[in-house]
Structures are given as structure tokens and as C-alpha cells.
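Let me begin by presenting the structure, written as C-alpha cells, before commenting on it.
Number of protein chains: 2
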Amino acid sequence: MTERIREFLRNRREDGPCLVVDLDVVRDNYLAFTKSLPDTRVFYAVKANPSPEVLSLLAGLGSCFDTASVAEIEMGLAAGATPDRISFGNTIKKERDIARAYGMGVRLYAVDCLAEVEKVARAAPGTKVFCRILCDGVGAEWPLSRKFGCAPEMAADVLEHAHRLGLEAYGVSFHVGSQQRNTGAWDQALASAAAIFRECAERGITLSMVNLGGGFPTKYLRDVPAVEAYGASIFQALRRHFGNALPETIIEPGRGMVGNAGIIEAEVVLVSRKSDAPDEVRWVYLDIGKFGGLAETMDEAIRYPIRTPRDGDILVPSVLAGPTCDSADVMYEKEPYLLPVSLEIGDKVLIEGTGAYTTTYSAVAFNGFPPLKAYHI
Amino acid sequence: MTERIREFLRNRREDGPCLVVDLDVVRDNYLAFTKSLPDTRVFYAVKANPSPEVLSLLAGLGSCFDTASVAEIEMGLAAGATPDRISFGNTIKKERDIARAYGMGVRLYAVDCLAEVEKVARAAPGTKVFCRILCDGVGAEWPLSRKFGCAPEMAADVLEHAHRLGLEAYGVSFHVGSQQRNTGAWDQALASAAAIFRECAERGITLSMVNLGGGFPTKYLRDVPAVEAYGASIFQALRRHFGNALPETIIEPGRGMVGNAGIIEAEVVLVSRKSDAPDEVRWVYLDIGKFGGLAETMDEAIRYPIRTPRDGDILVPSVLAGPTCDSADVMYEKEPYLLPVSLEIGDKVLIEGTGAYTTTYSAVAFNGFPPLKAYHI
């Protein structure tokens with residue numbers, strides 16, 4: 029919570045939950061990344077928070093952008109980034125979207141299989157591609173599935189295919205899992221990347237770049253290592269696996285760039301119990317839930333810190349749920365959340381660390397509730 | 029798939045996934061409900077599909093509306109329903125939203141605890157309330173959590189509280205779980221409801237109504253019983269527990285009213301394997317996923333039938349995923365989906381039974397992808 033957000037909320041009059049993002053925090057985060065990884069280019073993951081204010085700020089600071097769709101490329105360009113600062117980082121692209129990106133000047137594409145290489149070769153000839161490899165994601169709080177990337181053993185084939193089709197086989201990417209709390213998590217993936225560099229070199233192809241992905245955490249309930257610790261650990265791992273022939277590197281922070289810059293103000297709509305049994309857990313219903321912006325509470329993966337006007341009172345376990353008529357719209361039930369026993373209907377609560385993956389996740393109109401309002405100050 | 033939808037899709041030229049709903053099917057479903065449960069009023073669950081075309085059709089046929097928010101009440105009124113045909117069926121309501129509903133003429137409210145009764149008594153004095161009770165949901169494919177309703181033992185206290193505060197203690201509601209395949213699932217809940225009627229009568233309060241909720245299924249991969257079978261089974265259970273003193277009854281179908289009326293046309297964006305291992309499962313990526321409208325694939329709960337232009341070819345297990353850069357955007361992985369081995373990038377697929385809980389669930393702009401387009405014809 030910053031003084032600027034506090035002041036904004038003090039003067040807010042309208043109804044309904046809202047996100048407030050302090051752009052000064054985003055700026056500080058960007059500078060911490062560039063200081064901690066001085067030889068690494070920052071490609072902000074636009075999907076984390078694509079608000080024009082965030083994108084313009086970062087474009088002005090010199091950030092590049094990792095984009096997932098044509099719309100995100102257009103947002104990056106509108107924010108002032110030149111096309112050479114944009115990566116089309118989604119490994120799942122329609123060929124006509126690749127063509128549109130190419131038409132806008134984008135020259136860097138992610139691939140993870142032969143078929144995607146062929147699409148890029150046809151629709152964006154001569155451009156750079158990097159191959160995403162699978163990574164086990166141990167230590168991540170929002171671990172990645174096997175959705176993106178190929179087995180490391182397949183990467184050289186994918187990159188060689190690109191080379192043969194006239195693309196520039198540019199490098200390797202991986203993602204160690206979102207909200208990665210282990211600063212050493214990059215080591216094993218960098219070992220794989222170095223092996224792919226060697227394998228490609230043996231085939232006469234010189235790779236240039238390692239995309240270190242995202243995974244940099246934001247502080248939720250538990251403390252997380254500082255970005256400096258990630259920078260030091262990654263640099264050591266790069267030296268360990270690449271020796272003096274350090275590759276060009278890029279990172280794609282999203283959550284780590286904007287997560288701690290945002291706070292959602294919500295309201296307690298109902299506090300109740302399901303029966304008079306003494307062990308019956310209390311239910312607390314907010315005016316925001318899984319479909320209103322807090323989708324990352326899915327499987328109770330992300331546990332946001334919640335501040336209430338009753339902090340300091342005795343805490344009791346509470347099931348926390350959203351306002352919709354959907355029974356899946358329950359946020360913390362397997363492990364109920366400790367909230368003040370005195371919490372009352374109408375109390376405003378502050379949900380911290382909500383600057384990333386909230387606004388765009390919210391449903392268009394589920395149950396008639398509008399999407400999350402957001403202010404970037 | 030109806031001929032009208034087929035014709036519409038044949039003439040469609042634009043890009044991206046879309047839902048097409050055949051209103052004739054919705055009309056048939058409405059008539060089947062009124063025929064199968066002739067003494068029961070239908071309150072369509074607006075949240076299932078709140079499109080103006082669906083609401084106007086149903087309002088014209090005489091349907092009432094179950095609403096979850098002020099916005100849904102406004103939609104029901106705009107579609108031509110009078111306020112006496114609208115129930116504010118969400119048990120989690122802000123007091124100022126109850127006041128707004130009251131101002132619009134709504135006189136029927138759901139409650140499940142003392143605090144909610146007090147809100148209704150203050151903001152909508154003299155109106156009717158029904159108390160929702162918990163129900164175990166056995167047999168449902170999308171079972172409900174304990175989010176809504178109180179233990180049956182508590183209901184008489186809740187209703188008596190309403191009575192004392194000048195409200196009309198009107199009845200009891202429950203929900204047997206969405207996509208309920210067991211036509212007998214209403215029996216146990218109706219036994220509870222009858223017990224609450226008796227308990228209230230002993231306290232001098234005469235209840236009038238049982239809200240039988242929703243739960244009526246739509247056909248996905250497996251066949252489901254016809255609505256006539258539900259009607260017969262419910263009527264028998266009513267006679268069993270209420271004898272000749274049958275209460276007024278209402279139902280709140282949502283999925284059962286619109287689910288089978290809609291089809292989503294989507295496109296195969298990528299087909300790939302993660303490695304050359306012979307047992308490696310194939311991945312099929314569509315241009316729609318969990319955040320683009322197919323949220324009910326969460327935990328692989330709902331398995332939609334999918335038609336492809338290659339049906340008839342050999343089927344192979346495929347992990348089915350959406351187009352976003354979110355690793356959670358995977359629809360069927362624990363139990364891969366059988367799809368033709370010949371399926372190719374660019375193929376159009378038809379996802380059946382998608383008329384309910386798709387459009388409004390879709391994210392506003394996650395990864396820059398627009399919400400699901402919809403046409404009601």
C-alpha cells in the first residue's frame with residue numbers, strides 16, 4: 029500500500045470493486061530489473077497488465093514487450109515501442125496473425141514445433157525465431173503445465189528446420205514457472221539451453237540468445253527473494269553453463285513488474301454461517317471473486333494478502349467467496365483464510381499484490397456484474 | 029446442430045471463434061418444461077445466457093426470470109417481463125442493490141441466513157423471501173459447493189426471523205447441482221423442504237412455495253434423461269412428501285433451457301507433439317479456451333461434444349488447449365480428448381452444447397483476445 033493509493037481510495041466515491049495501480053512502483057520495479065540484470069534486455073509480459081499507462085511508462089523507460097496476440101502488439105506500438113522492441117512470444121499463433129505481426133514490423137517469434145516454424149517461415153520470412161523448451165517448474169507457486177515448449181532433445185531439430193527454411197535460428201527460451209520462489213530455478217534450464225547451443229553449433233548453426241522468461245515473483249502472503257538475488261543467481265548459472273561465451277539474454281517479467289504495484293479495494297457483502305454447529309466455518313462473501321478479476325485464486329494457487337479495518341482483532345478461519353451465483357466462485361475453502369472475527373457487512377477490504385493478472389482475466393458480464401474497474405495513477 | 033445454424037456458419041466470413049444460438053431450440057425447451065411440469069412456473073436463470081434475444085423470446089412465451097444482480101433485473105425488465113415475474117435469486121446481495129431491486133418493483137428475494145433477511149427487511153420491506161437450503165448434489169456433473177444455502181435445520185429460524193421482521197416467509201429453495209443426471213435427485217431435498225414447511229407451521233408460519241432450482245441437464249457427450257422424466261419424478265416426490273397439500277412450485281432452468289441451442293465454431297491453431305517419444309500425447313490448440321468462453325472445462329467438469337471435418341477417421345488421444353499464454357488454459361489433459369488423427373491446422377471444429385455459460389464467462393481481454401462473439405438467430 030502506497031500513500032498515493034491510500035489518497036486515491038480516500039477520495040473515491042463510486043460503487044463496486046476497483047484496482048488501483050501506483051505507477052511509481054512499476055517504475056521502481058523496472059529499474060530494479062535493469063540494475064540486477066544489467067546485460068539483459070527486459071521484455072515486459074504485456075498480458076500481466078496491458079493498461080496504456082503501464083505500457084507507456086515502460087516504453088518510455090526503454091522496455092521491450094513480450095506479446096501474446098496481435099492486439100497486444102498493437103498496444104505495444106501505441107505505447108511508443110518500435111517494432112524491433114516487440115517479441116511475438118506466444119507459441120500458438122494463427123498464420124494470418126503472424127502475417128499481421130510481420131506487416132507491423134515484428135521480427136522476433138516464439139516456436140516450439142516444426143509446424144509453427146513452417147507458419148513463421150511462410151508468413152514472416154527471414155525473421156528470428158527462438159525455440160521454447162519444457163522446464164519442470166519446481167518451486168513455482170503457479171507452476172506451468174506442459175502446454176508450451178518441446179522436450180529439450182527436440183529443440184535442435186526445430187531450430188535447424190527454421191534455419192533450413194530461411195529463418196534466423198536465434199535462440200532458446202524457457203519459463204521456470206510463475207511466482208518462482210527459488211532463485212536457483214534457472215540453473216537446470218540454462219544447462220539444457222547450453223546443450224542446445226552446442227548441438228546447433230555442431231550442425232553449423234550459431235545461436236545467439238537465451239530468453240530467460242518470467243517467473244519473478246511478487247510478494248503475497250510470504251516474503252520472496254529480492255530481484256537482486258535472482259540476478260546474481262542467474263548470472264552465476266550463465267557463467268557455469270556458457271563460460272565466457274555468454275549469450276545475449278532477455279527476460280519477460282510480468283507479475284514481478286506490476287504485481288506489487290496494485291491494490292484492489294473490495295467490500296464485504298455478507299458474513300454468515302451455514303449452521304449453528306460450533307465447528308461450522310464462517311463464510312465471508314466479497315463483491316469480487318474468481319470471475320471478477322481474482323482468477324488466480326483458482327485451485328487456491330495465489331493467496332493474496334488482505335487488509336481489513338479490523339486488523340488486530342482475533343482472527344478466525346473464513347471461507348472466502350465471490351458474489352456470483354456460481355458455486356465455483358469460491359476463493360479460499362480448502363485452506364480457509366484467517367480474517368478478523370469482528371469483520372462486518374459493508375467493511376472495505378484491501379487485496380494486495382493485485383497489479384498483475386486481474387483486470388484482463390475478469391469476465392465480461394458474468395451474472396451481470398461488470399468487469400473490474402482499474403485506475404493507474 | 030440445426031439446419032439454421034449450419035446455414036448461418038456457411039455464410040459467416042469474419043475471423044475468430046463465435047457462438048451461434050438457435051432460438052427455435054430455446055422455444056422448444058421452454059415448451060418442454062411447461063409441458064412436463066404443468067403446475068410449475070418457469071424462472072429462467074438469466075446468468076446462463078442473458079442475450080436480449082433469448083430474454084425477449086422467453087418473456088414473450090410467459091417465462092419468469094431468476095436474476096443474480098441488478099443488471100440482470102434490468103435485462104429482464106427490458107425484455108418485457110413485469111417485476112412480479114422476477115426473482116432476485118442471489119443469496120449474496122448488497123443492501124443498496126436490494127433497495128434498487130425494490131425500487132424497480134421486485135418483490136421476491138432469496139436468503140440463506142439471518143443477516144441477509146435483515147438486509148431485505150430494511151431495503152425491501154414487506155416482500156416475499158424464500159430460504160435456500162444446502163443439498164448434497166450427488167449425481168451432478170458440476171456439483172455445487174456449500175456456497176449457497178444453510179443447513180435445513182436452520183431454515184425455520186431464518187424464515188421465522190423474516191416473519192418477525194414483517195417479511196412474508198414464502199418458501200424454501202434448493203439446488204440439486206448443475207447438469208444433474210439423476211431424475212430422483214430432488215427427492216431428498218423435497219423431504220427436507222416438507223419438514224421445514226411442518227416446522228414453520230408449528231411456529232404459526234404458513235409457507236407457500238418450493239423453488240426446485242435448476243440442475244436440468246443438457247446433452248454433452250453422454251445422453252441425459254428427457255425433461256419429461258424429470259417432471260414425472262419431481263411430481264412423484266412432491267406427492268410423497270407433501271401429500272395432497274402440494275405447494276406452489278417454481279423451477280430455475282438455465283443450462284437446460286439454452287445449453288443445447290448453441291454451437292461454438294472454433295479453429296485449430298496448432299497440432300503438435302512435445303517430443304519424438306512414441307507414447308507422447310498429441311496437443312491440439314484451438315482459438316478458444318478456458319478464458320475465451322469455455323470456463324466450464326475447469327477441472328474438466330463439462331466435456332463438450334466436438335465435431336470436426338475429419339470425423340470418421342481414426343481417433344487419437346489429444347490434449348486440448350486454448351490459445352492464450354496461460355498454462356492453466358488447458359481444457360482436457362487429465363483425460364485427453366479423442367480427435368481424428370488427420371486433424372489439421374486451420375480446420376474448423378464445432379463445439380456443441382455451448383449455449384449456456386459461455387459468452388458471459390469469457391474474459392474481457394485476456395492476452396488481448398476479444399470476448400466470445402455471439403449470434404442468436
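Top line first, the protein sequences correspond to chains S and G. To convert, count from 1 in the first sequence and add 28; that's the numbering used here. To convert, count from 1 in the second sequence and add 28; that's the numbering used here. Each residue gets a CB set at the ideal place from its N, CA and C atoms; glycine is no exception.
Out of G/ARG32, G/LEU37 and G/GLY287, which one is the CA nearest neighbour of G/VAL82? Taking G/VAL82 as reference, the option from G/ARG32, G/LEU37 and G/GLY287 with the minimal CA-CA separation is G/GLY287.
Evaluate contact between the region 147-161 of chain S and the region 172-183 of chain S, counting only Cβ atoms and requiring at least three cross-stretch pairs below 8 Å. yes
Whose Cβ in chain G lies nearer than 9 Å to the Cβ of S/PHE71? Residues of chain G whose Cβ lies closer than 9 Å to the Cβ of S/PHE71 do not exist; the shortest such Cβ separation is about 12 Å.
Indicate whether at least one CB of chain S lies closer than 8 Å to the CB of G/GLU230. Chain S contact via Cβ: absent.
Per DSSP, what kind of secondary structure is G/VAL369 in: helix, strand or coil? coil
If the cut is a Cβ gap below 7 Å, which residues of chain G does S/ASN272 touch? For S/ASN272, no chain G residue has a Cβ inside 7 Å of its Cβ, as the nearest lies near 32 Å away.
Look at the Cβ atom of G/PRO351, then the Cβ atom of G/ASP375, and state whether they are nearer than 8 Å. no
May I ask you to list the residues that DSSP assigns as paired with S/TYR411? Absent from the structure is residue 411 of chain S, since the part of chain S shown begins at 29 and ends at 405.
Strictly below 9 Å CB to CB, what residues from chain S border G/GLY396? VAL74, LYS75, PRO78, THR95, ALA96, SER97, VAL98, ALA99, GLU100, ILE101, GLU102, MET103 and THR388
I need the boundaries of the beta strand (DSSP E) containing S/HIS191, first residue and last residue. Premise fails: S/HIS191 lies in the alpha helix (DSSP H), 180-192, not in any beta strand (DSSP E).
Whose C-beta lies closer than 7 Å to the C-beta of S/PRO78 among residues of the same chain, with five residues either side of it excluded? GLU100, MET103 and THR388
Could you tell me which chain G residues have their CB closer than 8 Å to the CB of S/VAL134, listed as they occur along the chain? Here the premise fails: no neighbours, minimum Cβ distance about 14 Å.
Bridge partner(s) assigned by DSSP for G/ARG310: G/ARG301 and G/SER346
Please report the residue range of the alpha helix (DSSP H) in which G/ARG124 lies. 123-131
When DSSP labels each residue in this structure, what does S/ASP164 get in the three-state scheme? coil
Pair within 8 Å by beta-carbon distance, S/PHE373 and S/ALA294: Note that residue 373 of chain S corresponds to Ile in the displayed sequence, not to Phe. For S/ILE373 and S/ALA294, no; Cβs fall outside 8 Å.
Is it true that the region 62-72 of chain S meets the region 269-277 of chain S, where meeting means three or more beta-carbon pairs spaced less than 8 Å apart? yes
Candidates S/SER346, S/VAL296 and S/SER300, of which the one nearest S/GLY44 by Cα: S/VAL296
Interface residues of the region 348-378 of chain G facing chain S [CB-CB below 9 Å]: Here the close residues are ALA349, GLY350, PRO351, THR352, CYS353, ASP354, SER355, ALA356, ASP357, VAL358, GLU361, ILE373 and GLY374.
Delimiting residues of the beta strand (DSSP E) encompassing G/PHE425: Since the first residue of chain G shown is 29 and the last is 405, residue 425 of chain G is not available in this structure.
Identity of the residue in G/SER370, G/GLY205, G/ARG310 and G/LEU136 nearest G/THR110 by Cα: G/LEU136
What does the alpha-carbon distance come out to for the pair G/VAL392 and G/GLU328? CA-CA distance, G/VAL392 to G/GLU328, rounds to 22 Å.
Can you find a C-beta in chain G that's less than 8 Å from the C-beta of S/SER115? no
Closer than 9 Å, Cβ to any Cβ of chain G: which residues of the region 318-348 of chain S, in chain order? Closer than 9 Å at the C-beta level to chain G, one finds these residues of the region 318-348 of chain S: PHE319, ALA323, GLU324, MET326, ASP327, ALA329 and VAL347.
Quick one: list the residues of chain G neighbouring S/PRO399, beta-carbon separation under 8 Å, in chain order. VAL392
When the distance is taken between beta carbons, is S/ARG331 closer than 8 Å to S/TYR248? yes
Does DSSP put G/MET29 in a helix, a strand or coil? coil
Measure the alpha-carbon distance for S/ILE483 versus S/THR382 and round it to whole angstroms. No answer is possible for residue 483 of chain S: the residues shown for chain S start at 29 and end at 405.
For the candidate residues G/GLU361, G/SER390 and G/PRO368, whose alpha-carbon lies nearest to that of S/ARG174? G/GLU361
S/PHE397 - DSSP class collapsed to helix/strand/coil: DSSP places S/PHE397 in coil when its eight states are reduced to three.
Give the interface partners of G/PHE176 over in chain S, defined as CB-CB distance under 9 Å, in chain order. CYS353 and SER355
Going by the beta-carbon positions, is the gap between S/THR95 and S/GLY117 smaller than 8 Å? Yes, the Cβ-Cβ distance between S/THR95 and S/GLY117 is below 8 Å.
Throw me the rounded Cβ distance for the G/CYS228 and G/ALA197 pair, which I believe falls under 8 Å. 7 Å
Using only CA atoms, which one of G/TYR72, G/GLY317 and G/ALA257 lies nearest to G/ALA107? G/TYR72
Which residue's Cα is closest to the Cα of G/ASP251: G/GLY271, G/MET285, G/GLN207 and G/ARG38? G/GLN207
Count the other CB atoms within 10 Å of the CB of G/THR234; is the residue buried (16 or more) or exposed (fewer)? Flag for G/THR234 reads exposed.
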